[in-house]
Ligand SMILES: Nc1ncnc2c1ncn2[C@@H]1O[C@H](COP(=O)(O)OP(=O)(O)O)[C@@H](O)[C@H]1O
Ligand SMILES: [Mg+2]
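In structure tokens:
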């Protein structure tokens, strides 16, 4: 992986008391690619995201984001809001976290808080409705609408986010994350709870984002039909350790991976289905 | 409560069992509270009397009432089940609210005209407006930002004492002290906010409650500073452009200036319009804030703080802003309170005040401006109306609270108006 890595993870370890959720993990996440992270339940995938995005402070090791403009940014030193704002690493959550009582549009506008807050000058320019603020507000609205259009969510624009069907909520959460202008988008099981048709649409969306919008993606996923088909590169975790890494075709036949998953009920079926 | 949400009806034996158990609890509670009473026989002895018929009546009422309640609840649940799922933002209902809002402002403007010789009514309306303003201020913290604050009265006290001290010690006028007191209260808001940033829900409630008590205890005990339990008196009343509502002949009397007959009601009217203006400004300000990034972030923090962080929002700043602005508005109300009473003491700033203000916000419907007005009317007027049958006053008060919460668990007006509505390609946002 010498091709300019976007994110370098070195010897990352995260312990909770006696439990080692991530054990000496090293990983390079390439630029403009989709990197899949798979592994059985409890393997430490979500914990890995939490360490990246400042929600957990790693016990040891380092995570460096090679920001194209700002240069290397050490993520483990930043509070979570700065990870999104400064390093432009934005995540979604395994259990969807939308602002349920706010509308879809409001969700997407809140995501542009920092730009808007700057334009509103501690709310003064906003309260006085100065043109500078109005312009920023219009831009934010436009940006929200353009992502809603691209993610085919326009029909829900004024709906309270919490009242939408599950699959739609997942897409709204991705649209909201995109409004933060991420360079690296970290998706935690975006296909969980989707039906096969929605999963297929998610595949297309992820490929579109990566190829057309130049968003690099780090993808935690259980749904093999998604992860095997869209990932350029896959990293497999088990008990917090990296047990395999490589192209999807190699991972599918890797004996360590198959063994790690043997306890899991339907992985081989899943893999077969994904390969078919 | 939860059981009512599931729609299948109870069978008759289930209903009877439920009603019996309620009646049994009523019996247990009723024996000491209703069944036994004491009379003063003169001398030193109290005689215990029994009132079994009254107790029997009470238990019977509970039994029948419970059966009736079951029927009502099931009917409500059926109705709720039939109602269609939550539709997107309805423009209609918010337009209706706007109309009602303007009608309310019109009615409020006319109160002194309608009650021009009724001192009591104007005074009471002024009190209602103080609570409306406090409710709108606390709404920022509790309703919008979702931070449960049980010590809001502390900021009301800080505002009141700041004005009282500045005016009696340094001779500041109402208008000079108003912004300063607001700033001091905001500062105290940040002092409370900072250590409680990590706390939520019950824990935050307890710390804020403690903060309110600390402020009150300081005011009681630091006698040289605050006058202790005796408070501060002879606080000057607010004037207008340097003129005062004082009898003719005194310095800077408005009656002399305008060559009109003096009446003590004039000052009451002025106070009423002053708090009306302050309250309306508060409302405009909070309404404006809601549509700005800070205000939207308040609601987002209420909805999901972790998601806010993941989107790059500094929730520390957002929460501190909510505490500071809520406190500032409470401080303004406190300045008005001190100026209106002319005398303040720590007794006006007890926990029960915080509880009433919080009840106004919660009963009104968290985040709803109109709900605060309705709840203030209910919570301030009801105890007043109840004065005629004084012993049942608190009972009435409690019953109203329970009824409102059963009828509308989200508050009187639980409707949330979106801050931004997309109306079409060229349509601009609302
Ligand atoms: N905050 C925490 N405290 C203690 N243990 C945790 C915490 N977060 C995660 N863990 C543990 O770390 C392990 C990995 O969890 P997680 O990263 O959620 O797995 P998954 O790969 O399914 O996303 C699990 O055993 C989990 O119980
Ligand atoms: Mg997980």
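Residue numbers (our numbering), protein chains in the order written: chain A, 51 to 326; chain B, 716 to 1145. Even glycine gets a Cβ: it sits at the ideal position worked out from N, Cα and C. Here the structure is a predicted model, which is why all the values come from computation and not from measurement.
According to DSSP, residues forming a beta bridge with residue i
i             : result
residue 236/A : 141/A and 268/A
residue 862/B : DSSP lists no partner for residue 862/B.
residue 62/A  : 75/A
residue 292/A : 287/A
residue 3/A   : Past the edges of chain A, shown from 51 to 326, lies residue 3/A, and the structure says nothing about it.
residue 762/B : 754/B
residue 70/A  : 65/A
residue 726/B : DSSP output for residue 726/B lists no bridge partner at all.
residue 153/A : 210/A
As assigned by DSSP and simplified to three states, the class of residue i
i              : result
residue 112/A  : strand
residue 1140/B : coil
residue 117/A  : strand
residue 755/B  : strand
residue 84/A   : strand
residue 734/B  : helix
residue 1030/B : helix
residue 770/B  : helix
residue 201/A  : coil
residue 214/A  : coil
residue 716/B  : Note that residue 716/B has pLDDT 38, beneath the 50 cutoff, so the model's placement of it is unreliable and the number below is only indicative. It is coil, neither helix nor strand.
residue 123/A  : strand
residue 309/A  : helix
residue 224/A  : helix
residue 326/A  : Annotation note: pLDDT 42 at residue 326/A (below 50); position unreliable, no value reported.
residue 947/B  : strand
residue 146/A  : coil
residue 825/B  : helix
residue 746/B  : helix
residue 1044/B : helix
residue 1065/B : coil
residue 845/B  : helix
residue 1059/B : strand
residue 129/A  : coil
residue 1005/B : helix
residue 244/A  : coil
residue 1130/B : coil
residue 915/B  : coil
residue 9/A    : Since the first residue of chain A shown is 51 and the last is 326, residue 9/A is not available in this structure.
residue 836/B  : helix
residue 896/B  : helix
residue 254/A  : helix
Rounded Cβ spacing between residue i and residue j (contact assumed at less than 8 Å)
i             : j              : result
residue 686/B : residue 1072/B : The requested residue 686/B is not part of the displayed model; chain B covers only 716 to 1145.
residue 826/B : residue 840/B  : 5 Å
residue 945/B : residue 1060/B : 7 Å
residue 908/B : residue 1012/B : That belief does not hold up - the Cβ atoms of residue 908/B and residue 1012/B are roughly 15 Å apart, past 8 Å.
**Q.** At least three beta-carbon pairs within less than 8 Å, the stretch 294 to 314 of chain A to the stretch 119 to 137 of chain A
**A.** Note that the stretch 294 to 314 of chain A does not touch the stretch 119 to 137 of chain A; fewer than 3 beta-carbon pairs, one per stretch, sit closer than 8 Å.
**Q.** Inter-stretch contact at 8 Å, needing at least 3 Cβ pairs: the stretch 294 to 303 of chain A / the stretch 101 to 114 of chain A
**A.** As far as the Cβ criterion goes, the stretch 294 to 303 of chain A does not touch the stretch 101 to 114 of chain A, which means the pair count is below three.
Q. Are the stretch 151 to 170 of chain A and the stretch 261 to 268 of chain A touching by the rule of at least three beta carbon pairs closer than 8 Å?
A. The stretch 151 to 170 of chain A, when compared against the stretch 261 to 268 of chain A, does not touch it at the 8 Å Cβ threshold.
**Q.** Against chain B: residues of the stretch 60 to 85 of chain A by CB proximity under 9 Å
**A.** Contacts with chain B (Cβ-Cβ distance below 9 Å) from the stretch 60 to 85 of chain A involve no residue at all.
Q: Check distances from the C-beta atoms of the stretch 884 to 914 of chain B to those of chain A and list, in chain order, the residues that come in under 7 Å.
A: Listed in chain order, the positions of the stretch 884 to 914 of chain B with a beta carbon within less than 7 Å of a beta carbon of chain A would be empty, since no residue qualifies.
**Q.** Stretch pair the stretch 859 to 873 of chain B + the stretch 1031 to 1050 of chain B: three plus CB contacts closer than 8 Å
**A.** With a cut-off of 8 Å, the stretch 1031 to 1050 of chain B and the stretch 859 to 873 of chain B count as touching, because enough Cβ pairs lie within range.
Q) Would you call the stretch 1002 to 1020 of chain B and the stretch 878 to 896 of chain B touching, i.e. three or more CB-CB distances under 8 Å? A) Taking 8 Å as the limit for Cβ pairs, the verdict is that the stretch 878 to 896 of chain B does not touch the stretch 1002 to 1020 of chain B.
Q. Using Cβ-Cβ distances below 7 Å, what residues of the stretch 1005 to 1025 of chain B are close to chain A?
A. The stretch 1005 to 1025 of chain B vs chain A, Cβ under 7 Å: 1007, 1008, 1009, 1011, 1012, 1014, 1015, 1018, 1019, 1021, 1022, 1024 and 1025.
Q) Just by C-beta distance, which residues in the stretch 90 to 102 of chain A are closer than 8 Å to chain B? A) For the stretch 90 to 102 of chain A, there are no residues whose beta carbon sits under 8 Å from a beta carbon of chain B.
Q: Residues of the stretch 153 to 182 of chain A with a CB closer than 7 Å to any CB of chain B: list them in chain order, please.
A: Under the 7 Å Cβ criterion, the stretch 153 to 182 of chain A contributes 153, 155, 156, 159, 160, 161, 163, 164, 166, 167, 170, 173, 176 and 177.
Q: Say whether the stretch 810 to 819 of chain B touches the stretch 1084 to 1094 of chain B, bearing in mind that this needs 3 or more beta-carbon pairs closer than 8 Å, one atom from each stretch.
A: Short answer: they touch.
(Q) Under 8 Å: do the stretch 236 to 243 of chain A and the stretch 171 to 187 of chain A share three or more Cβ pairs, one atom per stretch? (A) Short answer: they don't touch.
Q: For the stretch 885 to 896 of chain B and the stretch 820 to 831 of chain B, state whether three or more C-beta atom pairs, one from each stretch, are separated by less than 8 Å.
A: Contact fails between the stretch 885 to 896 of chain B and the stretch 820 to 831 of chain B, because fewer than three Cβ pairs, one in each stretch, are under 8 Å apart.
(Q) Output needed in chain order: residues of the stretch 108 to 138 of chain A with a Cβ under 7 Å from some Cβ in chain B. (A) The stretch 108 to 138 of chain A vs chain B, Cβ under 7 Å: 130, 131, 134 and 135.
Q) Between the stretch 850 to 881 of chain B and chain A, which residues of the former have CB atoms less than 7 Å from a CB of the latter, in chain order? A) Identification of residues in the stretch 850 to 881 of chain B having a C-beta nearer than 7 Å to some C-beta of chain A yields an empty set.
Q) the stretch 1124 to 1135 of chain B: which residues have C-beta closer than 9 Å to a C-beta of chain A, in chain order? A) Listed by position along the chain: 1131, 1133, 1134 and 1135.
Q.
Under 8 Å, with one C-beta from each stretch per pair, do the stretch 84 to 91 of chain A and the stretch 276 to 284 of chain A reach the 3-pair mark?
A. Yes, the stretch 84 to 91 of chain A touches the stretch 276 to 284 of chain A.
Q.
Under 8 Å, with one C-beta from each stretch per pair, do the stretch 285 to 295 of chain A and the stretch 107 to 125 of chain A reach the 3-pair mark?
A. As far as the Cβ criterion goes, the stretch 285 to 295 of chain A does not touch the stretch 107 to 125 of chain A, which means the pair count is below three.
Q: Name, going along the chain, the residues of the stretch 235 to 257 of chain A whose beta-carbon falls closer than 8 Å to a beta-carbon of chain B.
A: Listed by position, the residues of the stretch 235 to 257 of chain A near chain B (Cβ gap below 8 Å) amount to none.
Q) When Cβ atoms are compared, which residues of the stretch 1028 to 1056 of chain B fall closer than 8 Å to chain A? A) Taking a C-beta cut-off of 8 Å against chain A, the contacting residues of the stretch 1028 to 1056 of chain B are 1028, 1029 and 1030, listed in chain order.
Q: Would you list, in chain order, the members of the stretch 201 to 216 of chain A that have their beta-carbon closer than 7 Å to a beta-carbon of chain B?
A: The stretch 201 to 216 of chain A vs chain B, Cβ under 7 Å: 207, 208, 209, 210 and 213.
Q) Counting pairs of Cβ atoms below 8 Å between the stretch 841 to 855 of chain B and the stretch 1023 to 1031 of chain B, do you hit three or more? A) When C-beta atoms of the stretch 841 to 855 of chain B are compared with those of the stretch 1023 to 1031 of chain B, fewer than three pairs fall below 8 Å, so the two segments do not count as touching.
Q: Count the C-beta pairs between the stretch 210 to 226 of chain A and the stretch 152 to 166 of chain A that are closer than 8 Å, then say yes if the count reaches three, no if not.
A: A contact is defined here as three or more CB-CB pairs under 8 Å, and the stretch 210 to 226 of chain A meets this definition with respect to the stretch 152 to 166 of chain A.
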